[in-house]
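Those protein sequence lines, which keep their order, are chains A and B. The numbering of the first sequence is the working numbering, which starts it at 1397 and goes up by one. The numbering of the second sequence is the working numbering, which starts it at 102 and goes up by one.
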Amino acid sequence: MAQMTMIQAITDALRVELKNDENVVLFGEDVGKNGGVFRATEGLQDEFGEDRVFDTPLAESGIGGLAIGLATQGFRPVPEIQFFGFVYEVMDSISGQMARMRYRSGNTVNMPITLRSPFGGGVHTPEMHADSLEGLMAQQPGLKVVIPSNPYDAKGLLISAIRDNDPVIYLEHMKLYRSFRDEVPEEEYTIELGKANVKREGADITFIAYGAMVQASLKAAEELEKDGVSAEVIDLRTIAPLDVETIVESVKKTGRCVVVQEAQRVAGIASQIVAEIQERAILHLEAPVLRVTAPDTIFSFPQAEDVWLPNHKDIVKKANEALNY
Amino acid sequence: MTLKDSGLSNDQLLDMFYYMLLSRRSDERMWLLNRSGKIPFVVSCQGQEAMQVGSSFALHKGVDYTAPYYRDVGVVLTMGMTVKELFLQAFAKAEDPNSGGRQMPGHFGHRRLNMLSGSSPVTTQVPHAVGIALALKMKQEEAVSFVTLGEGSSNQGDFHEGLNFASVHDLPVIVMVENNQYAISCGIEQQVNCKHISDRAIGYGIHGETVDGNDPVAVYQAISNARKRALAGMGPTLIEAVAYRLTPHSSDDNDLTYRTKEEVDLAKEKDGLIIFKRTLKDQGILTADIEQAYEAKIKALIDEATTYADEAPYADVSTLFDGVYHQ
């Protein structure tokens, strides 16, 4: 076992798969010599050569298209989009093309693409660098959307994503890249896509979160424990497909639920989860299912970011609303 | 049209004519089927058969890869799609190997024939073909990736992003712009302000040339040379083949609202199919007997394909969830 940050775990997973499968290729803007703007691919070009890890021109749509062409020839492309806010430039390649290639070819073509990209607030980025756009991806059938919340999960989920025969959007929260270390096994391991993880068991209320909001939810759960409240925390790990079973099972047990997302409120994953719960477990509920989200504005300017982003205090407050309903 | 120095035998020239005729007659049948309410949509190859068949003859079947665009009846038939398969896709039936009835007509793709499925937003196929070319280079395969698009599509960002990447990496890709003078209703003068689409090659540092798209032999030679360059590691080529779209954009528009009948009639005199037939006859390569035999064979094939595709079942509703994810 080694202590790793999430970025180290990601690099480790990429190295494992580059070693395991010669069809795995990494590319994107500055991923080669520079090792990526966050150093996720640091050292990999030296280790595996310029054919396996290479820089592309600044052309996101072209990066997506290239991945599609390579995937048809048996490669497992792992393109990087430098910041997920730039995803609009490659939206057609993702939602219009790779997500539909299997369907439109009458199920004759695999699209084993893992598109990695950093996102998320809390690190004072300029505009278009931090947006949580996972909802756009989750709405597209044919895609899987994976968002790790810690170094251990990051490695296992990324290996699974690369081995998956469908396109996976793998989103890396920037705040989590280097904020803490975890025990990460040096050997390879996988974590099943589409399965949530109960991070903390509890009896009184369920928090459902993903990405950086898992840490906030765990912190809220610790605070509430001082008041004698037992909170369960579910880390979704994958938001598409959504593990509705684990969610519903937990809510049936606790009867109260707060769904937490860093994204703005409208049309997000949280809304989807609330809908699933009310359809499947309404008679088990002691209170309305509540949401903690960012407000419906453009992502905050850096000076107001701490106010804009949901945090553990917001979660505690919402939890108390549910508990005192 | 010079046939002498083409390097093509008389049999090959006749074959070329056969596929051009097959494409034209197949297209004509689709219009009849559309107008009689049998198929929903036609997007025509008429006027572009010479460039489509001429280019495909320079490719190696079962070796090279194609990413055709929606008018490429001539490309797909030459590359090995059967008439029956063509009509199965026009009728959108379950047995259609292009997509099992899921795609819009003309959105060709065929796994066995190394043909990549395209989609309705135009030019997306260019970076896909470039990706295939990169794969071919990495696997050191003796093959090229061939992609086509209309001249209107050359204004898309994907055209630039694809060609630029292909050039940076000297990839074995041949991009053929089928300039038929119209992007639906907009004439060429509304689309670009350069003399030739092939001039854009200069910006990518690659070879570009414009050829007479009504001359299948000229297109064949241009693509043959491009293929040689690609396999020699000399990178991509941009070919612009110029002809004229003889039909409306599709079965859903009236072209006389944006162009004159005189203009269309004038273009019909330069129709590659007619000129090629005349040339082959003048040189004694095509006889009336051979032509008659081709017409009879083609009619029988199309009749059979029409009946088969018409009677074939649609994809069952129970397959609605198939192909969304790997199962």
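Just so it is clear, CB atoms sit at the ideal spot from N, CA and C, and this is done for glycine as well.
- Rounded to whole angstroms, Val1483 of chain A and Leu1462 of chain A show a C-alpha spacing of 15 angstroms.
- Contact of Pro222 of chain B with chain A is assigned, a C-beta pair being separated by under 8 angstroms.
- Close CB contacts of Asp1639 of chain A within its chain, under the 7 angstroms cut and outside five residues either way in sequence, are with Gly1590, Lys1591, Ala1592, Leu1632 (chain order).
- Each residue's CA atom was taken as its position, placing Glu1425 of chain A and Gln1478 of chain A some 7 angstroms apart.
- In the structure shown, Val1483 of chain A falls within a helical segment according to DSSP collapsed to helix, strand and coil.
- Around the C-beta of Arg213 of chain B, fewer than 16 other C-beta atoms lie within 10 Å, and the residue is accordingly described as exposed.
- Within the segment 1400-1423 of chain A, no residue has its Cβ closer than 7 angstroms to any Cβ of chain B.
- Proximity of Glu262 of chain B to chain A, defined by a Cβ-Cβ separation below 8 angstroms, is satisfied.
- Within the segment 1434-1449 of chain A, contact with chain B at the beta-carbon level (separation under 8 angstroms) is assigned to Asp1447.
- Under the three-state reduction of DSSP output, Val1625 of chain A falls in the coil class, being neither helix nor strand.
- Taking 9 angstroms as the cut-off between beta carbons, the residues of the segment 1457-1470 of chain A near chain B are Ser1457, Gly1458, Ile1459, Gly1460, Gly1461, Leu1462, Ala1463, Ile1464, Gly1465, Leu1466, Ala1467, Thr1468, Gln1469, Gly1470, in sequence order.
- Straight-line spacing of the CA atoms in Ala193 of chain B and Ser1457 of chain A works out to 30 angstroms.
- Judged by DSSP in its simplified three-state form, Val1433 of chain A adopts coil rather than helix or strand.
- Under the DSSP assignment, Ile289 of chain B falls in the alpha helix (DSSP H) whose first and last residues are 289-292.
- Taken in chain order, the complete alpha helix (DSSP H) segments of 4 residues or longer contained in the segment 213-259 of chain B are 226-239.
- Counting every other CB atom within 10 Å of its CB across the protein chains shown gives Gly138 of chain B a total below 16, marking it as exposed.
- Classified as buried, Ile1543 of chain A has 16 or more neighbouring CB atoms from the shown chains inside 10 Å of its CB.
- Of the candidates A:Ile1555, A:Gly1492, A:Leu1620, A:Gly1664, the residue whose Cα lies closest to the Cα of Ser221 of chain B is A:Gly1492.
- Looking at the DSSP output, Ala1616 of chain A shares a beta bridge with no other residue.
- When the beta-carbon positions are compared, Gly1481 of chain A and Ala1526 of chain A come within less than 8 angstroms of each other.
- In its chain, beyond the 5 residues on either side, Val164, Leu332 have a beta carbon closer than 8 angstroms to the beta carbon of Glu243 of chain B.
- Arg1498 of chain A belongs to the set of residues whose beta carbon lies under 8 angstroms from a beta carbon in chain B.
- Between Val1541 of chain A and Glu1476 of chain A, the beta carbon gap of about 16 angstroms keeps them out of contact (Cβ cut-off 8 angstroms).
- Note on the segment 1443-1484 of chain A: whole beta strand (DSSP E) runs with a minimum of 3 residues are 1449-1451, 1472-1476, in chain order.
- It is roughly 10 angstroms from the alpha-carbon of Met1524 of chain A to the alpha-carbon of Phe1697 of chain A.
- For Asn265 of chain B, the chain A residues whose Cβ falls inside 8 angstroms of its Cβ are Pro1453, Ala1455, Gly1458, in order along the chain.
- Listed along chain B, no residue sits closer than 9 angstroms to Gly1517 of chain A by beta-carbon distance, the nearest being about 29 angstroms off.
- By the Cβ test, the segment 291-303 of chain B is not in contact with the segment 350-367 of chain B, since fewer than three Cβ pairs between them sit closer than 8 angstroms.
- At a Cβ-Cβ threshold of 8 angstroms, Gln149 of chain B and Arg172 of chain B count as neighbours.
- Within chain A, no residue has its beta carbon less than 7 angstroms from that of Gln153 of chain B; the closest one is some 22 angstroms off.
- Listed in chain order, the positions of the segment 120-146 of chain B with a beta carbon within less than 9 angstroms of a beta carbon of chain A would be empty, since no residue qualifies.
- For Gly1651 of chain A, the nearest beta carbon of chain B is not closer than 8 angstroms to its own beta carbon.
- Contact between Ile1643 of chain A and Ile1678 of chain A is absent: CB atoms are separated by about 14 angstroms, not below the 8 angstroms threshold.
- Annotated three-state conformation of Glu1418 of chain A is coil, per DSSP.
- A distance of 8 angstroms or more separates the beta carbons of Gly202 of chain B and Ala342 of chain B.
- Between Leu122 of chain B and Glu279 of chain B, the alpha-carbon positions lie close to 18 angstroms from each other.
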